[in-house]
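See below for the structure under consideration.
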Amino acid sequence: MNDYVFGATDLVDQQREAMQRCLDPNTFTQLESLGVGPGWRCLDVGGGGGSVANWLARQVGTTGSVLVTDTAPDGLRSTEIVEVRQHDIVTDDLPEAEFDLVHARLVLLHLPERRRALARMVRALRPGGWLLLGEFDCTWLRVLATTDPEAGVVFARFHRALCTVLEQAGADVRWGVHAYQAVRELGLVEVGSLARATPWPGGGDGARWLDINSRQLEDQLLGTGLVTAGDLDGVRASLGDPAFVVSSYLTISTWGRRPLGDTPGWAAR
Ligand SMILES: C[S@@+](CC[C@H](N)C(=O)[O-])C[C@H]1O[C@@H](n2cnc3c(N)ncnc32)[C@H](O)[C@@H]1O
343 MNDYVFGATD LVDQQREAMQ RCLDPNTFTQ LESLGVGPGW RCLDVGGGGG SVANWLARQV
403 GTTGSVLVTD TAPDGLRSTE IVEVRQHDIV TDDLPEAEFD LVHARLVLLH LPERRRALAR
463 MVRALRPGGW LLLGEFDCTW LRVLATTDPE AGVVFARFHR ALCTVLEQAG ADVRWGVHAY
523 QAVRELGLVE VGSLARATPW PGGGDGARWL DINSRQLEDQ LLGTGLVTAG DLDGVRASLG
583 DPAFVVSSYL TISTWGRRPL GDTPGWAAR
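In case it helps, my numbering puts the sequence shown at residues 343 to 611.
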């Protein structure tokens, strides 16, 4: 099992909740645009707190199914429609040519073996099935408004330290941008992407998510030498101040479809 950088803290539940509140509306819009509906067989990889799996279950109904996996499936609940499986997308097999939809959000970004995992996800698609990835370009995080320019400077230091910690743990902090080519190279068709960034004012869900991250990774952030404990206190104060507004990370949805009529020896192998 890999060492997911945010996995080992007691703040995981709060992190999941803030993340879902920030990202779910856009994810659900993207899934709707792919046509998810009654009878679909869906796979959500690295399902975290389960909000996407539970939403999918409502769309596919009892004639469909949702398999949701995670290396740490404690936030996931089985139902008549949802099957929960402890599963490592890097090392564990998946059924092949099975799913109408395979989705993963903010999972591959963290995994050094992301391309191997992606190929496994693509092989799990039935011919004609859709892949949807939701990933960040983590380098895109800007101060949009502040009453104190120094607070913006300190935040920029924090952001640089955060990206450094993620990279030290094996993340590709620009995976949101790199995913498009990776999906094309695996032979999917009708490949598309949509990028979005939205203001995260202090005190809101996005700012709370960043505040939680600053606490989850405090030791590693200080270990980079790029920020001090005083900087982190300052960042947390800013993130609680509605006058301090940052742009969210650039959130990039990338999708593609397994061609109809391909053979078992196709590109994703
Ligand atoms: C940033 S969270 C995203 C959770 C969820 N996809 C969401 O967007 O709400 C990343 C999730 O991936 C899971 N994860 C990390 N490594 C994994 C792996 N190798 N295989 C499957 N899941 C993994 C973590 O346990 C965590 O739940």
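For each residue, glycine too, the CB sits at the ideal point set by N, CA and C.
Excluding sequence positions up to five before and after residue 411, its CB lies within less than 6 angstroms of the CB of 387, 427, 429, all in the same chain and listed in chain order. In this chain, the alpha helix (DSSP H) harbouring residue 525 covers 517 to 527.
Judged by beta-carbon spacing, residue 484 lies within the 8 angstroms limit of residue 589, meaning their Cβ atoms are closer than that value. The distance from the Cβ of residue 564 to that of residue 556 is about 11 angstroms, inconsistent with a contact at the 8 angstroms cut-off.
In this structure, DSSP gives residue 533 an extended state, which the three-state scheme calls strand. Shortest gap from the CB of residue 416 to any heavy atom of ligand 1: 7 angstroms or more. Separation of residue 363 and residue 580 (C-alpha to C-alpha, rounded to the nearest whole angstrom) is 20 angstroms.
The beta carbon of residue 445 sits closer than 6 angstroms to those of 386, 474, all from its chain and outside the five residues before and after it, given in chain order. Assigned with DSSP and collapsed to three states, residue 422 falls in coil, not helix or strand. Within the region 435 to 502, the complete alpha helix (DSSP H) segments at least 4 residues long are 456 to 465, listed from N- to C-terminus.
Residues 462, 466 of the same chain have their beta carbon placed closer than 6 angstroms to that of residue 436, with the five preceding and five following residues left out of the count.
In this model, residue 601 and residue 574 are separated by some 49 angstroms (Cα to Cα). When the five nearest sequence neighbours on each side are left out, the beta carbons in the same chain lying within less than 6 angstroms of the beta carbon of residue 480 are those of 505, 515, 591, in order along the chain.
Under the DSSP definition of a beta bridge, residue 409 partners with 385, 425. Bounds of any alpha helix (DSSP H) do not take in residue 540, whose DSSP letter is neither H nor E. In this structure, the CA atom of residue 397 is about 14 angstroms from the CA atom of residue 425.
Uninterrupted beta strand (DSSP E) stretches at least 3 residues long and entirely within the region 571 to 601 occur at 587 to 589, 592 to 599, given in chain order. Around the C-beta of residue 451, 16 or more other C-beta atoms lie within 10 Å, and the residue is accordingly described as buried. Ligand 1 never approaches residue 515 closely enough for any of its heavy atoms to be under 7 angstroms from the residue's Cβ. According to the DSSP assignment, residue 370 belongs to the alpha helix (DSSP H) that extends over 354 to 375. Our two residues, residue 359 and residue 586, have alpha carbons roughly 22 angstroms apart in a direct line.
The three-state reading of DSSP puts residue 378 in coil, since its state is none of H, G, I, E or B.
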